[in-house]
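Here is the structure we will look at.
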Amino acid sequence: MTALLLVAMLLSTTVVSAQSGGSDIFLPFVSSGSQPAGLGNNGPVPTAPTRTLDDIQIDSYIVVMALDPVIAFEGNASFAATKPGKGQKINPNSAHVKRYQAFLRETHDKALAAAGIPATNKLHDYTVALNGFAARMSEKQARQLAQQDGVVLVQQDELLQLQTDSSPTFLGLTAPGGAWLKGYNGEGVVVGVIDTGIWPEHPSFADDGSYAPPHTGPLPCEFGNTAHNPNDAPFTCNNKLIGARQMLATYRALIGADPDEFDSARDDNGHGTHTAATAAGNGGVPASIFGMPLGTVSGIAPRAHIVAYKGLGNLGGFTSDLAAAIDQAVADGVDVINYSVGGGASLTGADEIAYLFAADAGVFVATSAGNSGPGPGTIGGPASAPWLTTVGASTQRRFFQGTVHTADGRSFSGASITPGLTARPLVDAEFAGGDLCIPGTLAPNIVAGKIVLCRRGAIARAAKSLAVYQAGGAGMVLYNNSDDDNLFTDTHWVPSVHIDNTPGLEIKAYIASTAKPMAKITTGERGVWESAPSMTIFSSRGPDPVAEDIIKPDVTAPGMQILAAWSPFGDVGEVSGQLFAAIAGTSMSSPHVAGLFALIKQAHPDWTPAMARSALMTTAYQDVRDNDRVSPADPFDMGAGHVDPGNKAGKGSIFEPGLVYDAGFLDYLGFLCDAAPEVFANPAATCASLQSIGIPTDASDLNLPSIGIAELPGRQTVRRTVTSVAKEQGWRNYKVSVEAPPGFEVTVDPPRLRLKSGETAIYSVTITTVDAPIGEWRFGSLTWTADNKHYEVYSPIAVRAALFSAPAEISGSGESGSASFDIRFGYTGSYTAAPHGLEPATVTSDTVVQDPDQTFDPADGFSNAHVFNLSGVAHFRIAMPPEATEPDADLDIYVQDPNGDIVASSTSGGTDELIDIPLPMDGAWTVWVHGWSTPGGDSDYNMWTWAVPLASGGSLTVDAAPAAAVLGTTGTVQVSWSGAGTGTLSDWYLGAVSHTGDSGLMGLTLVEVDNR
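Residue numbering for the sequence shown follows the working numbering, starting at 69 and increasing by one per position.
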């Protein structure tokens, strides 16, 4: 089978962001004329673009083609194989590779031409980790392109956004016998960083002459565009920073380059410089901020080589550019990629697909979980895909501290990286223009020369110190709105301390009760964060929104107050001119894992990405608290736990975990059979083919070190395969221990494993509901422990009990007929299966005219309204298949509820629309048919609708069903029908079988009979 078996579909746009928790919101500072130099500022205040995301019309699309990319192509009669051998890198200079790439590009050009799109509109060709291209086109052209043979997916481009010093010691890398002293320091490994670029002159990337030439290269080194920005000095890459590319073709075409930006690989933000240095910056680099010495910093893999890919500009980055960066990184032969970038959760976006092929090519990828926590289900994409390693953010013990000393003798400590301040009058911003300290609102006659108390919220934290600075204030005390939030070390405009809510309110009360309140600020203190490691409040949490049967994040790592390299022109809105910053975000935790991957790659160049991830997960520790700093974190907070590269880099460490869980390309396709079957052109055939060769097609059976079951109706058995990577000769025995999730019983078969190094074993885990509450997640674990106690291989478990499991829909045909399906029970009690319908379709015929601007607006006259008065309906369905209208028409459907709200829509490429509304409220529902594209000015259409009644009865009969529910058992429901008509448009029937238990109606299984 081909490597990519995805159906052609048109996906919606999302926004990707760099995962940095450093700002509450994105609020670029716009200069309003000349400004005085800020604290530590080495130049003028940078001017940010005045445009917003709303100003940008995104008319670029990513097109994924069906043929295999270079990295996966196994050859045919016309072209030699280009897929590299196991453990080998692609050779981009190979004649076979170049010939196959030229052929792929030719297919791209033909697809564009067939859709009437000029070849000059093409922005990127993807050939290595992804086969496809990006191009500018209209939505109509995109829909036409999506219908071509050989086109798998057409996806509107997305504009994405961005998501150490003590870390090596905190992680145990510097301990006696630890990784660094054992020689695991990343030597010879190439780390690719896809981000905002890099500041190449930084000492964290200097080549002292001790680096050997890398295994890849020479690579482009794209700096020195002084014509656009005179500060963009030329730079020649070396054996540390071995390459730097700007990958912004789409961004430059749609947005351009603002005057403050560097139109090159140079970093004008700071984010990319910081992540690169955290992962693989040089060791022992002296760091300072505002002239204050802060010790030395080191990357996690200080001897690794770095390649920087600039894929984001001032306003974020387009998926098409980022996919091109992934494609190029694989072609360049990188071993590890850090991707501190994220957007909406997805399994089948262009970057997810590119990373799936990158994983198959042996590239280790670390990505940030996102900064949308602490709510559940906030994991973003591509972190939501199981073939990437997803990293949450937690605190470390070292704490850059500042203290506010009030004149009444009290002291309040918080976070600070700024200089201190001698005694000054203290004022509450609430009485000086507003406690949120929004720039332009503070009264200079009240604030000037004083320390100002500001409350967090509404705007970025650094913008508040800017407000104080602009009003002539001397310093700032920033306090949180709760005591479970984090304290940040921003590069503020005035001396500042960030404190919790309780001390903030105490200072507020002191100001209110004192005639002349005074305070001073002392900084440069090294405090201790007592609750470390604890999850940050911003770190995104599971369950995975698009794949609840897998546990995300995979692990957590330090992501708070991470001191690393910075761009002196970085982060508009904060003070520029600094070469270091101590910032926070899952963007900062992800490069820690990328660095650890470099160490693992050095130690085990033949390991797969899944094996490396397994080593991190199974050796992680679970003594992690949640963001409240008290309660224990669970697997949806921290994954398997906190990464633990250990002290001694030997048995039981990430370098020798004893057992590993491996997974490959076909395993991930099997996972998609359950998690996203719609991506396959023919799900039944594809998934049956995978099953025939032993690939599991239940998402819970994906061979991850974690075990998740999102809906457990009584009992389920999952299987896992482990491979011994122990270095000992001879047999090694393992015994399992289980901590069952509360309310469940867990058994493992076999309970003991006996393996030699290199051997594999399969075990099964059966989880049974005992008294777990329905619909609530419960957590546990299992651990394989070697008889010599050298290895403890840990796996988290997350399970949610369900009342029952049955198919959402079955189908049949004929005037009479029968069908059956299985139902599994998650409770013991009453059960009734009742028939509803069959209902013949109501066929509505009409003509819709062309909408000139192709934008749905119910008031503009280019959509037809059809009203359906619903009462006592179990399920309402609207369908408009391709045969509903002329071949080239593209009609869309929007549904308005009785309250007047648009609650559903179907806007597929071409006309192929389906909307299901379960248990609709009583009242008048309006279905709008929109003339998005009507050849000749208008299009006739037929629309089929069904209203399946709540009341049972009709031509559908339940012939057999379980008389009662018994926990953990499976029963069969048999149905039949008769008297259905044939041959007319309305002879398309829909009914349902309702499932009712002790708690009432539990759900429906729809029954479709198509006799047209």
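All C-beta atoms in this analysis are idealised placements derived from N, C-alpha and C, irrespective of residue type, glycine included.
Inset, instruction - Assuming residue 959 and residue 1009 form a contact by the criterion Cβ under 8 angstroms, report the distance between their Cβ atoms to the nearest whole angstrom. - result: 6 angstroms
Legend entry - Sub-9 angstroms separation of residue 128 and residue 202 beta-carbons: yes
Inset, instruction - Tell me, please, which residues DSSP counts as bridged to residue 1028. - result: 1042
Inset, instruction - Output yes or no for whether 9 angstroms exceeds the beta carbon distance between residue 870 and residue 779. - result: yes
Legend entry - CA nearest to the CA of residue 460, picked from 854, 611, 836, 273: 611
Inset, instruction - Could you spell out the range, first to last residue, of the alpha helix (DSSP H) harbouring residue 755? - result: 751 to 760
Legend entry - Three-way DSSP call (helix, strand, coil) for residue 139 in this model: helix
Legend entry - Separation of residue 473 from residue 479, as counted between CA atoms: 4 angstroms
Legend entry - Closest residue to residue 235 among 710, 727, 770 (Cα-Cα distance): 710
Inset, instruction - Determine, using beta carbons only, whether residue 132 and residue 158 come nearer to each other than 9 angstroms. - result: no
Inset, instruction - In the DSSP assignment, find the beta strand (DSSP E) that holds residue 133 and state where it starts and stops. - result: 128 to 133
Inset, instruction - Check each candidate in 344, 318, 328 and name the one with the smallest Cα separation from residue 312. - result: 344
Legend entry - Nearest to residue 724 (by Cα), restricted to the options 247, 140, 199: 247
Inset, instruction - Classify residue 499 as buried or exposed, calling it buried when 16 or more other Cβ atoms lie within 10 Å of its own Cβ. - result: exposed
Legend entry - Cβ shell of residue 199 (< 6 angstroms), same chain only, five flanking positions each side left out: 133, 135, 137, 172
Inset, instruction - Please report the residue range of the beta strand (DSSP E) in which residue 824 lies. - result: 820 to 824
Inset, instruction - Kindly indicate the opening and closing residues of the alpha helix (DSSP H) around residue 663. - result: 654 to 671
Inset, instruction - Check whether the Cβ atoms of residue 774 and residue 625 lie closer than 9 angstroms to each other. - result: no
Inset, instruction - Please classify residue 575: does DSSP put it in a helix, a strand, or coil? - result: helix
Legend entry - Residues bridged to residue 366 (per DSSP): Answer by DSSP bridge pairing: none, since residue 366 is not bridged.
Inset, instruction - State the start and end residues of the unbroken beta strand (DSSP E) segment that holds residue 831. - result: 828 to 837
Legend entry - Residue of 511, 768, 1077, 272 minimising C-alpha distance to residue 879: 1077
Inset, instruction - Could you tell me if residue 565 is buried or exposed, where buried requires 16 or more neighbouring beta carbons within 10 angstroms of its beta carbon? - result: buried
Inset, instruction - Would you kindly work out how many angstroms separate the C-alpha atoms of residue 817 and residue 428, rounded to a whole number? - result: 30 angstroms
Legend entry - Buried or exposed by the 16-neighbour rule on C-beta atoms within 10 Å, applied to residue 1074: buried
Inset, instruction - Could you tell me the distance, in whole angstroms, from the CA atom of residue 1072 to the CA atom of residue 1057? - result: 16 angstroms
Legend entry - Closest residue to residue 768 among 207, 148, 336, 742 (Cα-Cα distance): 742
Legend entry - DSSP three-state assignment for residue 1011, whether helix, strand or coil: strand
Inset, instruction - Identify every run of the alpha helix (DSSP H) within the region 141 to 188, keeping only runs that are complete inside it and at least 4 residues long; order them along the chain. - result: 163 to 182
Legend entry - Residues bridged to residue 845 (per DSSP): 868
Legend entry - Through-space distance from residue 651 to residue 107, alpha-carbon basis: Bear in mind that a pLDDT of 38 at residue 107, under 50, signals an unreliable position, so the number given afterwards is only what the model happens to contain. Going by the C-alpha atoms only, they are around 17 angstroms apart.
Inset, instruction - Taking 9 angstroms as the cut-off, decide whether the C-beta atoms of residue 783 and residue 892 are in contact. - result: yes
Inset, instruction - Tell me the start and end of each unbroken alpha helix (DSSP H) in the region 447 to 528 that is at least 4 residues and wholly inside, in chain order. - result: 512 to 515
Inset, instruction - Answer yes or no: do residue 411 and residue 263 have a C-beta to C-beta separation smaller than 9 angstroms? - result: no
Inset, instruction - Check whether the region 656 to 669 touches the region 841 to 852, counting contact only when three or more Cβ pairs, one atom from each stretch, lie closer than 8 angstroms. - result: no
Legend entry - Per-residue DSSP class, three states only, for residue 390: helix
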